[in-house]
Amino acid sequence: TKRIKGARFTRNFIIGSEAWPLDPTNRPEGIPADHTTGWRVYVKSVDGGPDITAWLKKVSFKLFHTYANSLRTVEEPGPFEVRETGWGGFQVEVRLHFNPVANEKPQWRSHYLQLEPYGTDEEKAAQKAAGLVRAEQCDVVEFNEPTEALFEVLTSE
Ligand code: SLL
112 TKRIKGARFT RNFIIGSEAW PLDPTNRPEG IPADHTTGWR VYVKSVDGGP
162 DITAWLKKVS FKLFHTYANS LRTVEEPGPF EVRETGWGGF QVEVRLHFNP
212 VANEKPQWRS HYLQLEPYGT DEEKAAQKAA GLVRAEQCDV VEFNEPTEAL
262 FEVLTSE
């Protein structure tokens, strides 16, 4: 596969999670009695930025080992997200699988699934009032000497 010498691209993306208290009067069916919280974990484009599906083909989310099918894989076009319920936070291992034309090995990232309100007292109060705890990190991938095919895809966005 031909690579373009001296070329380098970086692309930003967001890894995040959202958590909300489950309504005790309207619980999803079949979930364990100790689950208090609904949540989702996701990988997405930066708002207004380039679409990550140009280079991202598939995302695997490794959940805490007690979850059924704890390795959850979501293919392009996504959305790259997993929705679940639970009672506690944990580190989610996120594996990024690149567009095959990139000819790049998968990369790992890690995201802590934050279920409890955090930050200043005001921030915590706002999260409680909204019934939503969001934790996001801006991350980056670098493509050094990309393949010609990836170069095409990234420059035609
Ligand atoms: C730890 N923070 O790292 C703890 C683990 C696991 C949370 C938290 C339910 C899982 C299930 C759930 O929320 N687990 O029902 O399988 O040791």
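Residue numbers in the sequence shown follow the UniProt record's numbering, run continuously in steps of one, and reach 268 at the last position. Ideal Cβ positions, reconstructed from N, Cα and C, are used throughout, including at glycine.
Indicate, with yes or no, if ligand 1 has a heavy atom lying under 7 Å from the CB of residue i.
i      : result
Phe172 : no
Phe201 : yes
Phe175 : yes
Trp131 : no
Beta-carbon within less than 8 Å of residue i's beta-carbon, same chain only, minus the 5 sequence neighbours each way: which residues are those?
i      : result
Glu256 : Arg114, Ile115, Lys116, Gly117, Ala118, Arg119
Lys170 : Inspection of the sequence shows that residue 170 is occupied by Val rather than by Lys. Excluding residues within five positions, the ones whose Cβ falls inside 8 Å are Val154, Thr184, Val185, Gly189, Phe191, Val205, Arg206, Leu207, His208.
Val157 : Asn123, Phe124, Ile125, Cys249
Would you list the residues sitting across from residue i in a DSSP beta bridge?
i      : result
Leu182 : Lys173
Under 7 Å Cβ to Cβ from residue i, same chain only, skipping five residues before and after it: list those, please.
i      : result
Ala260 : Val212
Pro139 : Thr196
Lys239 : Pro228
Arg220 : Ile126, Val205, Leu207, Asp250
When the Cα of residue i is compared with those of the options, which residue comes out closest?
i      : options                        : result
Gly200 : Glu186, Tyr229, Val185         : Tyr229
Phe191 : Gly127, Thr136, Asp250, Thr266 : Gly127
Glu227 : Glu195, Gln248, Val193, Thr147 : Thr147
Leu167 : Ile125, Ala179, Pro139         : Ile125
Mind listing, in chain order, the continuous beta strand (DSSP E) runs of no fewer than 3 residues lying wholly within the stretch 203-250? Whole beta strand (DSSP E) segments, 3+ residues: 218-223.
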